[in-house]
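Asker:
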Amino acid sequence: MMNLERAQAPVAFLPDWLSLHAERRPGRVAIATEERSVTYAELHRAAKATAARLFALGVRPGQRVGVICHQGLMHALCLHALITLRAVMVPLNWRLSPAELAYQVEDCGADFVLCDEAAAPFAEQVASAAARRVPTIVVPREAWEGEGAIEGQPMREAAGDVSLTAVHAIVYTSGTTGRPKGAMITYQNHWYSAMASALQFGLDPEERWLVPMPLFHVGGMGVLMRSLIYGTTAVVHDRFDAEKVDCALASGEITLVSLVPTMLARLLKLRREPYPPQLRAILLGGAGCPRPVLERALELGLPVAQSYGLTETNTQVATIDLAHALRKMGSSGRPLANVRIAVQGPDGPTTAPGVEGEILVQGPTVFAGYYNRKEETERALAGGWLHTGDIGRLDEEGFLYVLDRRQDLIVSGGENIYPAEIESQLLALPGVMDAGVVGKPDDEWGQVPVAFVVMEAGTVLTDERSRAFREELRSRLAHYKVPVAFYQVDALPRTASGKLMRYEMRKWVMQG
């Protein structure tokens, strides 16, 4: 008699998607860019050959490997080569400063940093800034020719089925303390995220999902991985160009696109009529969308689907159904099919309508934890829920409304900025005794950071000193994190326990 327990044992592995699609649909386009398109057969060949070269240079399964690529096609090649090797990818945001990235390289214990030719000089700066010299490997464009065969037992052992619980990537996300933490994303996270997305939007065998932004964010990585799982096409633009994106959407060749509100606002300046019906959804994430932008898009008949997600959930966990977009304007929708969302109430997690509190998430898309951060992982996953730090409420129909994206967080052009990180750099500047940073509304970027500083007695924050501060911060921080304005104050508003009262500082900004 069959052992039913064994027959019903959960599946613990996933297939080698790339090999599968290369065999079954070799001529289908896997990745399309403005320069060229590559089929699944070409991607498979190039990834295997690149993996063989990386193995020969010392890269091994389980090692953490940083990736800095300015070109999306090369970033995708590195991603697939590292999957082939079963190494752990650490996508690095090249918009950050070398010092910021050096910390991430050190924190994850990266054994190598991969880069494309365009990013090679910057990658060397990162490697040089790290306390421990990390070897850099340049992956040339010629790698797409796919020359070189995989040889040797170790490579054969690394190939084959993929463990569900294996970590695919470590994606850095700043915490409220400003210190970056590496979120461990597993293959299970990708699989269930792809399934949830397919159930939400349906799955077109001819899907072409446009991601018009760098791929180092979890959103870009998610599109690459979902397209790989589905066996469909990821369309990659290295940078957002409103006219190029508008042209692509108007061509009728794009079925899905991922945008942040700033991008949508720029598109609306160009668009006077709906896009072709082939465009099934504009997936909007990264920040809360200003109501006027959302109203304009829906009036124009654009299929905008506002969503809510974060790095720790491997992109969205709630997305509005297009049928409810007007009726539930401002909502991020209901939880996706395999996700539970609750709000932290006075007596614990609740789904009762109208209760405002921290948004909690459960489900197989929730990350495995922060790399080498046991205590912070335990806090984040306490009680079996992911504590997002965001404040929200559910209505009587289960629709989620996000009230504040992590109270202190500044979202500028889709990029997350944590004030504490900037404040720590301000306090290192000569003459600065105390500092506080908040976001100021901005028509183009959504928000931009502004700084309030308390100077030493007898020191005045002159225009010249402000310019010097700005130049110094540019050498330490990404350009979008540098405050656009500095204001001198006698004292910052703080609680009895010494915590900054940022809401008072926001009032200062609004009062001018």
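Residue numbers 1 to 512, in my numbering, belong to the letters of the sequence shown in order.
For every residue, glycine included, the Cβ atom is placed at its ideal position computed from N, Cα and C.
(1) If distances are taken between C-alpha atoms only, which option among Ile341, Tyr308 and Pro364 comes closest to Val355?
(2) Rounding to the nearest angstrom, what Cα-Cα distance links Gly66 and Arg208 in this structure?
(3) By the three-class DSSP mapping on this structure, what secondary structure does Asn526 have?
(4) Could you spell out the range, first to last residue, of the beta strand (DSSP E) harbouring Gly220?
(5) Is Val304 helix, strand or coil when you go by DSSP?
(6) Do Gly439 and Pro261 come within 9 Å of each other at the CB atom, strictly closer than that value?
(7) In this structure, how does DSSP classify Glu295 when only helix, strand and coil are distinguished?
(8) Pull up the distance between the alpha-carbon of Arg375 and that of Ser97, whole angstroms please.
(9) Looking at Val134: is its Cβ nearer than 9 Å to the Cβ of Ala118?
(10) Spell out whether any CB of chain C is found under 9 Å from the CB atom of Ser424.
(11) Going by beta carbon distance, what residues of the same chain come within less than 6 Å of Val437, once the five residues before and after it are set aside?
(12) If I measure Cβ to Cβ from Tyr487 and keep anything under 6 Å in the same chain, skipping five residues before and after, which residues do I get?
(13) Spatial neighbours of Tyr370 within its chain, please: C-beta separation below 8 Å, excluding the five flanking residues on both sides.
(14) Would you grab the beta carbon distance between Leu256 and Arg271 for me? Rounded to a whole angstrom, and I think it's under 8 Å.
(15) Go through its chain and collect everything with a Cβ distance to Leu77's Cβ below 8 Å, but skip five positions before and after it.
(16) How big is the Cα-Cα spacing for Ala194 and Leu14?
(17) By Cβ distance below 8 Å, which residues in the same chain neighbour Ala297 in space, the five residues on each side in sequence not counted?
(18) Rounded to the nearest angstrom, what separates Gln188 and Glu312 at their Cα positions?
(19) Would you list, in sequence order, the uninterrupted alpha helix (DSSP H) runs of no fewer than 4 residues that lie entirely inside the segment 310-392?
(20) Using alpha carbons as the reference points, say which of Arg470, Val361, Ala242 and Pro61 lies closest to Leu85.
(21) Tell whether a beta-carbon distance below 9 Å holds between Gln104 and Val88.
(22) With a threshold of 16 other CB atoms inside 10 Å of the CB of Thr315, please say whether the residue is buried or exposed.
(23) Count the other CB atoms within 10 Å of the CB of Cys108; is the residue buried (16 or more) or exposed (fewer)?
(24) DSSP has Gly182 in a bridge; who is on the other side?
(25) When you compare the segment 239-251 with the segment 388-402, are there three or more beta-carbon pairs, one atom per stretch, that lie closer than 8 Å?
(26) Would you mind working out which of Pro364, Leu101 and Gln344 sits nearest Asn338, comparing C-alpha positions?
(27) Please report the Cβ distance between Val343 and Gly357, rounded to the nearest whole angstrom; I am assuming they are in contact, meaning their Cβ atoms lie under 8 Å.
(28) Please state the DSSP three-state secondary structure of Phe201.
(29) On the DSSP letters alone, give me the boundaries of the beta strand (DSSP E) that Gln488 sits inside.
(30) As an exercise, report each continuous beta strand (DSSP E) stretch of at least 3 residues that is fully enclosed by the segment 15-90, in chain order.
(31) Excluding the 5 residues preceding and the 5 following Val402 in the sequence, name in chain order all residues of the same chain whose CB lies nearer than 8 Å to its CB.
(32) Going by C-alpha to C-alpha distance, which of Tyr503, Thr351, Leu336 and Ile31 sits closest to Ile410?
(33) Comparing C-alpha positions only, which one of Ala428, Gly345 and Gly330 sits nearest to Phe399?
(34) When burial is assigned at 16 or more other CB atoms within 10 Å of the CB, is Pro212 buried or exposed?
(35) Please report how far the alpha carbon of Cys69 lies from the alpha carbon of His75, in whole angstroms.
(36) Could you name the residues of the same chain whose beta carbon sits closer than 7 Å to that of Gly148, not counting the 5 residues immediately before and after it, in chain order?
Answerer: From the atom records:
(1) Ile341
(2) 28 Å
(3) Summary: the structure shown does not reach residue 526, with the chain confined to residues 1 through 512, and so no result is reported for it.
(4) First-last for Gly220: Val218 to Tyr230, but that is the alpha helix (DSSP H), not the beta strand (DSSP E).
(5) strand
(6) no
(7) helix
(8) It is worth fixing the name first, because residue 375 is Glu in this sequence and not Arg. So the alpha carbons of these two residues sit roughly 28 Å apart.
(9) no
(10) Of the protein chains in this structure there is only one, and it is not chain C.
(11) Pro419, Ile422, Glu423, Pro449 and Ala451
(12) Phe452
(13) Lys181, Gly182, Ala183, Met184, Glu376, Thr377 and Ala380
(14) Actually they do not touch by this definition, with Cβ atoms about 17 Å apart.
(15) Leu43, Ala46, Ala47, Thr50, Val139, Ala143 and Trp144
(16) 13 Å
(17) Leu264, Leu268, Ile282 and Val304
(18) 13 Å
(19) 374-380
(20) Pro61
(21) no
(22) buried
(23) buried
(24) Tyr172
(25) no
(26) Pro364
(27) 4 Å
(28) helix
(29) Ala485 to Gln488
(30) 29-33, 37-39 and 64-68
(31) Gly288, Tyr308, Ser332, Ile359, Asp390, Ile391 and Gly392
(32) Tyr503
(33) Gly330
(34) buried
(35) 5 Å
(36) Reliability of the predicted coordinates at Gly148 is poor, the pLDDT of 44 falling under 50, and the value obtained from them is presented with this limitation in mind. If we look at Gly148 and ignore the five residues flanking it on each side, its Cβ neighbours are Ala49, Ala52 and Arg53.
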